[in-house]
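Beneath this line is the structure, given in structure tokens, with notes to follow.
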Amino acid sequence: MTTTGLVVFGLVSLLALMSLLPPLAAKLRLPYSVLLAAIGFILGAVVSLRPDLAVPSPMLHDIIDALASVEISSEAFILIFLPTLLFEVALAIDVRRLLDDLAPVLTMAVVAVVICALAVGFALAAASPFGLITCLLLGSIVATTDPAAVVGIFREVGVPKRLTTLVEGESLFNDAAAIALFALLLEMLLSGGDGSIGDTVFRFLVSFIGGALAGFIMARAACALFPFLGGWPKAEITVTIALAYLSFVVPEHYFHVSGVVSCVVAGLVLGSTGKIRMLPHTFEQMEGVWGQLGFWANSLIFLLAAMFVPRIMEGTSLLEFGFILLVYLATLAARGVTVYLLLPLLTRAGLMQRINNRIKTVIVWGGLRGAVSLALALAVIENTAVPAPMRDFIATSVTGFVLLTLFINGITLRPLVGFFRLNRLNPVARGVRDRAKLMTLGDVATDLSEIARAEGIDREIADAALSSLEARLAVARARSHRGVELMADEMVKVGLTVAAAHEVERCFALLNGRIVDRRIAELLLREAQHVREAVRGSGRRGYVAAAERGLGFSQSFRFALWLQRTTRFERLLTDALADRFEFLMAQRQVLAGLVPFSRDRLQPLIGEEPSVEIIKLTSRRIEAVEESLLALKLQYPAYAAALQRQYLGRIARQRESAAYQSLAANLVVSGEVERELTAELERHWTGLDKRCKLDPELSAIDLVSRVPIFRDLDIKRQQSIAQLLAPQLVLPESKVVRRGDKGDAMYFVASGAVRVMVEPSVELGSGDFFGELAMLTGHPRNADVVALGFCKLLELKARDFHALLGQDAGLKARIEQVAKERLNHV
């Protein structure tokens, strides 16, 4: 067999072997990475010892020859496998949750890498004959973690998702930080240790931040391509594969920043926007493709790296075993410092939720090392510029350390979880389990009875089948009522969590049905995810607080408002108003479906009283959304009508398209007929997705004409006055003026209403004005003035006030008369 044939034969043999290992790992209750390492070690020993030579089997000889021929360099390990591993994990992470826990993730990743490298480096420098730079380099290699085992166990035992995200996020950025630090330290080692600590830290930060920026830009560019590739799933998925490798290679090679960080950030960005930019079935296909690629890459890199272990560990001395043990203890201590000391500080600062000591212990013990550490060690082995004793020292220490973490920590991790009883359901989870079982068994019994009657199955046979279900139902009923009264609040929290997840699903349904566009869908999803996280953290209180915050005005909206007031530039404010309008209309549609969902699906699961409470909370949230929407409708009725027409049109298009797809799926019409009908449908609704035009109606001359005291003036006089008046939009419940402030302007109400906070309060509407007293008397403001809804005001600065009154005696008399009346009531 040729060399190429042997390599292909070897890789295919490894793939065949890999297919058998996941079920074997599950049966043996071992972490998959531990089993991979064990099998790889055995294969490496077989290749080295060649036991097949004593067996006259040409096929067996060829298999072992093929395995021996599959030798991949460290550069190939990193360039072929690492982008796939990093990108696949990054795609699966919930970016919104990751951002919420960014402080602990970066602490566990970047800070922990530095702590680990320092702990290992100084410990080995004191005990070994090698210099500090060499020992720090070894510390950076062993700082990378493999989260597969601990994440898998966390998912099995139902640890909160935020903790799973913490471990996954740690691994992602941990690998990036460790590899960036490894590259810097290796360069320092080869250059003789030149460069100060400050210079090293600066270069590390530049590499890390530059890589993150490069990955973000490249991922956004890739996302911009998806609308042009709509309908071609294979092309879109190919773009994601290209992005994984380009984001790894281009920043590293051309801009000399971290390709690892770039690849991670690119995967996070694509994972967060892919569901919005891609069609649902395309995103599902992409997840399937990347899941398969990730499985291959993780398995192959582990097997191939582990096959080097027998050769590396051959002839290891007792002193070298001592170094391995020292590295093991130092890394364990460093991880303990991070988890037990730094994370509680973040909790006290309000940057993360509290983690109990049992879970902290599991996180510390679950810091397994794996293929990335072995690949980096291999990179040192292959670098002939590194002196041979250093290469042997690093290779032996890293390899032995990885084996210790896998075969000691990995094997004992599950028993440790059992010892701490983390694999047991809490009372609330047991209550939900029992109610879910009761609801499901009841549905199955009803369905089975109806099917037996419809199919004409003998009554005796049907009753026999139903009897076993009835017995299980009786047990489930007894369990479901046991202790439920003691956890009503917890049941409300569970129900709100399920309802928030359903809210996210409804947001995707609106997007997939093209009822809302991608921009509004992103806003809806962001809000729904905030609500879901708030419920998980603080239950009912968090739900209410998050819903209230969601109806507030964002910083970008307030910036657009400020920009309009100061420069009269309206474009950003127009877009912000339109976004809020569409967001509120879409959110009302999303929330409307939560009430029947809570009544029909949640009530059997959590009980009547908790579901009634959830319906009340949802109803209040709907009312708040409708109030916010009404405030906008009163100000912009024409735009509201246009949005409602557009919404109905999109509903009609979605229903008609779904009907054609159903006809084709049931073979009522051919695929060609469906395509023709769909094309005709799209032609009919051309322009439906184009954004309706919103006019903020902040033209000074138009607003001047609405004020009664200006209305009867000729157009030239109105225009001259309009040049002095600055139009502005005021948000509901915001203070236009504050008591005690200097009176530097007065205001005319063009539309809307304000309340003057005096005793008793006074409401002013369209045509009224306020703020003139402070300018006439020179005294500070004597009251707060609050907008009752969206208001359009005309602001007249003090410097223009007297000039305007001097030009118009009638206007002067009118304002002075009103001021006199108000002074008499002060």
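Counting from 816, one number per residue, gives the positions in the sequence shown under this note's numbering. A virtual CB, placed ideally from N, CA and C, is assigned to each residue, including glycine. Nothing here was measured: the structure is a model prediction, and the numbers come from that model.
With C-beta atoms as the reference, is residue 1101 less than 7 Å away from residue 1055?
Cβ atoms of residue 1101 and residue 1055: closer than 7 Å.
Restricting to Cα atoms, I'd like to know which of 821, 915 and 925 is closest to residue 874.
It is 821.
Is the Cβ-Cβ distance between residue 1073 and residue 995 less than 7 Å?
yes
Any idea what DSSP makes of residue 1451, helix, strand or coil?
The three-state reading of DSSP puts residue 1451 in coil, since its state is none of H, G, I, E or B.
Start and end of the alpha helix (DSSP H) containing residue 1355?
1333-1365
Could you pull the start and end residues of the beta strand (DSSP E) that residue 1578 belongs to?
1577-1579
Would you mind listing the alpha helix (DSSP H) stretches within the region 1059-1106 that are 4+ residues and don't spill past its ends, in chain order?
As far as the region 1059-1106 is concerned, its whole alpha helix (DSSP H) runs of at least 4 residues are 1074-1092.
Residue 912 versus residue 1312 - alpha carbon distance:
It is roughly 15 Å from the alpha-carbon of residue 912 to the alpha-carbon of residue 1312.
Residue 1427, DSSP secondary structure in three states:
helix
Using 8 Å as the threshold, is the region 889-906 in touch with the region 1148-1158, meaning 3 or more CB pairs across them?
no
I'd like the list of long-range same chain contacts for residue 1263, defined as Cβ closer than 8 Å, with 5 residues on each side in sequence excluded.
Here the set comprises 1277, 1280, 1281 and 1284.
In three-state terms, what does DSSP make of residue 1039?
helix
Straight-line Cα distance separating residue 1420 from residue 1257
In a straight line, the C-alpha of residue 1257 is about 12 Å away from that of residue 1420.
Proximal residues to residue 1472 (C-beta, below 8 Å), its chain only, five neighbours per side dropped
1493 and 1496
From the DSSP output, in three-state form, read off residue 1282 for me.
helix
Would you call the CB atoms of residue 1052 and residue 1124 closer than 7 Å?
no
Buried or exposed, going by whether 16 or more other CB atoms sit within 10 Å of the CB of residue 1642?
Nothing can be reported for residue 1642, as the shown portion of the chain is limited to 816 through 1641.
As assigned by DSSP and simplified to three states, the class of residue 1557
coil
What does the alpha-carbon distance come out to for the pair residue 1031 and residue 1599?
46 Å
Leaving aside the five residues before and after residue 1200 along the sequence, list all residues of the same chain whose C-beta is less than 8 Å from its C-beta, in chain order.
1005
DSSP three-state call for residue 1611: helix, strand or coil?
Reduced to three states, the DSSP call for residue 1611 is strand.
To the nearest angstrom, how far is the alpha carbon of residue 826 from that of residue 894?
Cα to Cα, the separation comes out at about 17 Å.
Cβ-Cβ distance between residue 1188 and residue 959 below 7 Å:
yes
Candidates 1132, 846 and 1635: closest to residue 1588 by CA position
Minimum Cα distance to residue 1588 is reached at 1635.
Look up residue 846 in the DSSP assignment and say whether it is helix, strand or coil.
Note: residue 846 maps to coil in three-state DSSP.
Beta-carbon gap between residue 928 and residue 998 smaller than 7 Å:
no
Proximity winner among 936, 941 and 1403, relative to residue 1651 (alpha-carbon distances):
Outside the displayed span of the chain (816 to 1641) sits residue 1651, for which this structure offers no information.
Does DSSP classify residue 1538 as helix, strand or coil?
coil
When you compare only the Cα positions, how much space is there between residue 1301 and residue 1252?
Note on residue 1301: pLDDT 46, under 50, position unreliable in the model; no value is reported.
In the DSSP assignment, what residue or residues form a beta bridge with residue 1602?
According to the DSSP secondary-structure assignment, residue 1602 is paired through a beta bridge with 1569.
Could you compute how far the alpha carbon of residue 1299 sits from the alpha carbon of residue 1316?
Reliability of the predicted coordinates at residue 1299 is poor, the pLDDT of 49 falling under 50, and the value obtained from them is presented with this limitation in mind. Their backbone Cα atoms lie some 23 Å apart in a straight line.
What residues match up with residue 1461 in a beta bridge as DSSP calls it?
Paired residue(s): none; residue 1461 is not in a bridge.
Can you tell me which of 885, 982, 902 and 880 puts its alpha carbon nearest to the alpha carbon of residue 918?
982
Cβ shell of residue 1267 (< 7 Å), same chain only, five flanking positions each side left out
1277
Would you report the Cα separation of residue 1225 and residue 1231, rounded to the nearest angstrom?
Between residue 1225 and residue 1231, the C-alpha separation is close to 10 Å.
With a threshold of 8 Å, are at least 3 pairs of Cβ atoms found where one atom belongs to the region 1379-1388 and the other to the region 1550-1563?
no
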